[in-house]
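Peer 1: Take any residue in the sequence shown, note its place counting from 1, add 1, and you have its number in the numbering used here.
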Amino acid sequence: WVRLSKRIPVDIALDVIPKSVNLISGINATVTIQ
């Protein structure tokens with residue numbers, strides 16, 4: 002078996018963005034939903 006990642010388009014709104022974080026279009030992210 003080969004595990005394939007799936008791409009699901011979502012809209013994300015961030016309240017606070019730390020200055021140490023560079024947000025660049027097209028980068029990958031790992032999201033945890035709480």
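From the three backbone atoms N, C-alpha and C, an ideal C-beta is built for every residue, glycine too.
1) Who are the near neighbours of Ile18 in its chain, counting only those whose CB is closer than 8 Å to its CB and skipping five residues on each side?
2) Going by Cα to Cα distance, which pick from Trp2, Arg8, Arg4, Val3 is closest to Gly27?
3) Can you name, in chain order, every residue of its own chain whose Cβ lies under 6 Å from the Cβ of Asn29, other than the five neighbours on each side?
Peer 2: Walking through what the data contain:
1) Leu24
2) Arg8
3) none
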